[in-house]
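Chains as they are written, first to last, in our numbering: chain R, 1 to 391; chain X, 392 to 782.
Number of protein chains: 2
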Amino acid sequence: MDFKLSRKISAVDDALISEIFKLADDPSMIPFGGGNPFPALFPKADVTKIAADILNKDPVGMLQYASSEGYIPLIETLKKRMRDKYGVDRDRIFITTGAQQAADLVAKCLLDEGDTVICEGYSYMSTMDTFRTYGAHLVGVPLEEGGMDLQKLEEALAANPNTKLIYIIPTFQNPTGITTSPEKRKAIYELAVKYDAVILEDDPYSDIRFRGEPILPIKSFDRDGRVVYCGSFSKVIAPALRVGFMCVNEGLIPRLITGKQCTDIHTVPLTQHICHEFLTSCDYDAHIERIVGMYSEKCSLMIGEMEKNFPENIHFTRPDGGMFIMFYLPEGMDSEPFVRKAIENGVACIPGSTLIPEYGVSNAVRLNFSTPTKEEIVRGIGILGKMLREM
Amino acid sequence: MDFKLSRKISAVDDALISEIFKLADDPSMIPFGGGNPFPALFPKADVTKIAADILNKDPVGMLQYASSEGYIPLIETLKKRMRDKYGVDRDRIFITTGAQQAADLVAKCLLDEGDTVICEGYSYMSTMDTFRTYGAHLVGVPLEEGGMDLQKLEEALAANPNTKLIYIIPTFQNPTGITTSPEKRKAIYELAVKYDAVILEDDPYSDIRFRGEPILPIKSFDRDGRVVYCGSFSKVIAPALRVGFMCVNEGLIPRLITGKQCTDIHTVPLTQHICHEFLTSCDYDAHIERIVGMYSEKCSLMIGEMEKNFPENIHFTRPDGGMFIMFYLPEGMDSEPFVRKAIENGVACIPGSTLIPEYGVSNAVRLNFSTPTKEEIVRGIGILGKMLREM
């Protein structure tokens, strides 16, 4: 059967990344390619106990159809957290099947074919793909120290009056590890007001901070409700629970419910309940401390090894948290052949070309430090360093 | 904030149904309106035991990111079932977050704005809404005894050369309870071949058969892979697990994976595992027998009460299984005021106008018999009967 595919699904070019993931799909490969949490950090005992308790206590509540907006105790807990941590008080919480679904539902509610979405110059592949499946025109704004180049952002907004959405991962960004400064956050918000765009603020990593003071999200100075803030439990509890959330102006709620009913009706109550209980009855802060401790060590180790092993002309980011580091081959080089060679040598990583809103050639390579062991970090950076020195 | 909504989400007019669900949202209401399984039938003890066992045995597998195609043992089990039950052997299984997501992903892969989707004259509201959120043009084909009017179906296909999809619930259809005959199934398939359309065959109810021999799905005589068959565990295990599946030609798999990664990445492994274990290690057949026994009694009771209480000019369907009965006010009447009055009188039900592909006035009313108790069935039909006689 030769299916006549939609224009929109056809706009996603994932041939290269699929090929790379296939090449890298070998348990002996050093895993710098993906973005999996380190499995030893999953709160296995707590999750097991919470699941057993609730299935005994409220089996029907965990098995019957449930609300599209989400499990009310979890909504209340997240509402309180947004208020206590960020002073965000006026908005609603809407539970999603992972933060990925937040991007899908926002796109469904706001994007018509041809509308522009402005992204950071390197951004999270799967959410860019989500926008592509709505026929969006993606425009990247170069990243510098402290976030997007503001002049380029304003130029992009002026050049694309059909911009509906600015998509930004302000803290420990995927893929670069860059954090947007407080000043840039404010300026980006004001530009969104000036050009009447909605901001989708994707914040899955901010709890994983190794150093420095927390920075308020853009949502915290949202005067008119144009910021849709998304959080996730995938990095801080467990991805397989598929629970994320939006903090969003109530004006969008009825259409988010429509969108949710058209996609998966509601998120699994059992996994929502697990997140709620873990947040409220377990020692969440101690758990985060364990994650921060381990990822911080791995990040420092990776950076130390890069400093020792990489030639001086190879620049890289030094994130204050999160899960990713980006390094750059010399200007003008294409990192794709390098990545293929690295995989041949047993080190999985991701070429920047797959992480660009407009697609195209890139000299960047994304490395993940949450998944590999310390021994793998030392060995993998050693291999990459040797390749770079021989280049 | 005044959000500029997409044309597509705006094409869903769920104001009436939202209002009706809000009016009917009262625990004292007799629940003929929804489509919930009867909670006493949930296999609570089995689900609790399976969840505890797997979280103890393979916690990391239940917590880490997983395959977008689904949990391999469940895929293998479903592949075998499709072969053993229906002789379907060449296709692939793709796990979805409820069968609702199957419709969403098929729409994402196949539909461009303005493409036509042909539906049964009354059809499942949420899936029609899914098509609407892709900007599809919905065309309804009148239902008669044994399924769609074939001449009208061919006329619709000829009049809409951009028909990408025929959407059909062939067995114990929601909302009418009608079952498409084997002859019509074959004819519908041949028309799909002639006009080169894909068939989306939605089959959540066929295990809940009260009488008569099972009828093979359209998928069983699919020569060229144009039938996407969807199954669900929502009605036969528990809806809150959010596990459904597609049996689909392998040509569509890469793009379904793309779509899945852009929406929720993967379905929850824990709930997939629960479905798998329940299918393979528990007595699934005995469980289905219990559901069939109870729903069959309730359906007979409801029909008996309708025969006793409804005036002779009120016609209704007599389903051989499933969860729904439809009755029709006299020709030309609008059932919406009747439904509002019924809700005032404490009986929730759904007006046909919300179940028509093109929207519009309808004399039909959908009744659900799986959720109410027997006492509620007797009392509720008594109230509706009194209203009809006084009309």
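Glycine included, every Cβ here is placed at the ideal spot set by N, Cα and C. What you are looking at is a predicted structure, and each value in this text was computed from that prediction instead of being measured.
Classify residue i as helix, strand or coil using the three-state DSSP reduction.
i: L384(R); result: helix
i: R497(X); result: At residue 497(X) the sequence reads Val, which differs from the Arg that was named. Helix at V497(X).
i: A40(R); result: helix
i: P31(R); result: strand
i: R290(R); result: helix
i: M539(X); result: strand
i: C673(X); result: coil
i: T488(X); result: coil
i: I606(X); result: coil
i: Y456(X); result: coil
i: A11(R); result: coil
i: I411(X); result: helix
i: A755(X); result: strand
i: V268(R); result: coil
i: F205(R); result: It should be noted that the sequence gives Tyr, not Phe, for residue 205(R). Note: Y205(R) maps to coil in three-state DSSP.
i: R483(X); result: strand
i: T48(R); result: helix
i: L5(R); result: coil
i: Y189(R); result: helix
i: I169(R); result: coil
i: T468(X); result: helix
i: I178(R); result: coil
If you count every other CB in all the chains shown that lies within 10 Å of the CB of residue i, and 16 or more means buried, which is it?
i: Q564(X); result: buried
i: K610(X); result: buried
i: R366(R); result: buried
i: P608(X); result: buried
i: S234(R); result: buried
i: T15(R); result: The question names Thr, yet the displayed sequence has Ala at residue 15(R). Exposed, because fewer than 16 other Cβ atoms sit within 10 Å of the Cβ of A15(R).
i: V117(R); result: buried
i: Q261(R); result: buried
i: S68(R); result: buried
i: S281(R); result: exposed
i: D593(X); result: buried
i: A192(R); result: buried
i: P418(X); result: exposed
i: V361(R); result: exposed
i: G352(R); result: buried
i: P428(X); result: buried
i: D393(X); result: exposed
Should residue i and residue j be called a contact, given that it needs their Cβ atoms to be closer than 7 Å?
i: S739(X); j: F423(X); result: At residue 739(X) the sequence reads Ala, which differs from the Ser that was named. Yes, these two residues count as a Cβ contact at 7 Å.
i: F94(R); j: L200(R); result: no
i: E376(R); j: I30(R); result: yes
i: T554(X); j: A498(X); result: no
i: M724(X); j: I772(X); result: no
i: F715(X); j: P566(X); result: yes
i: L556(X); j: P748(X); result: no
i: N345(R); j: P330(R); result: no
i: P645(X); j: S623(X); result: no
i: M326(R); j: F369(R); result: no
i: L670(X); j: T468(X); result: yes
i: R472(X); j: D480(X); result: no
i: A66(R); j: H266(R); result: yes
i: M125(R); j: T373(R); result: no
i: D91(R); j: C299(R); result: no
i: V12(R); j: T654(X); result: no
i: D615(X); j: I679(X); result: no
i: T180(R); j: G147(R); result: yes
i: A24(R); j: I343(R); result: yes
Just checking, does the region 721-738 of chain X make contact with the region 491-507 of chain X on the three C-beta pairs under 8 Å criterion? no
Restricting to runs no shorter than 3 residues, where is the beta strand (DSSP E) found entirely within the region 501-531 of chain X? 507-511
For the structure I just gave you, are there three or more beta carbon pairs, one from the region 231-242 of chain R and one from the region 90-102 of chain R, closer than 8 Å? yes
Is the region 36-55 of chain R touching the region 224-240 of chain R, taking contact as three or more C-beta pairs under 8 Å? yes
Does the count of Cβ pairs from the region 317-331 of chain R and the region 203-220 of chain R closer than 8 Å reach three? yes
Quick check: the region 656-670 of chain X against the region 683-693 of chain X, are at least 3 beta-carbon pairs closer than 8 Å? no
Alpha helix (DSSP H) runs contained entirely in the region 294-360 of chain R, provided each spans 4 or more residues: Whole alpha helix (DSSP H) segments, 4+ residues: 335-344.
Stretch pair the region 141-149 of chain R + the region 119-128 of chain R: three plus CB contacts closer than 8 Å: Contact between the region 141-149 of chain R and the region 119-128 of chain R is present, because at least three Cβ pairs lie under 8 Å.
Would you call the region 393-400 of chain X in contact with the region 516-527 of chain X, where contact means no fewer than 3 C-beta pairs closer than 8 Å? yes
The region 435-455 of chain X touching the region 59-69 of chain R, judged by at least three CB pairs closer than 8 Å: yes
Ranges of the alpha helix (DSSP H) found wholly within the region 227-265 of chain R, counting only runs of at least 4: 253-261
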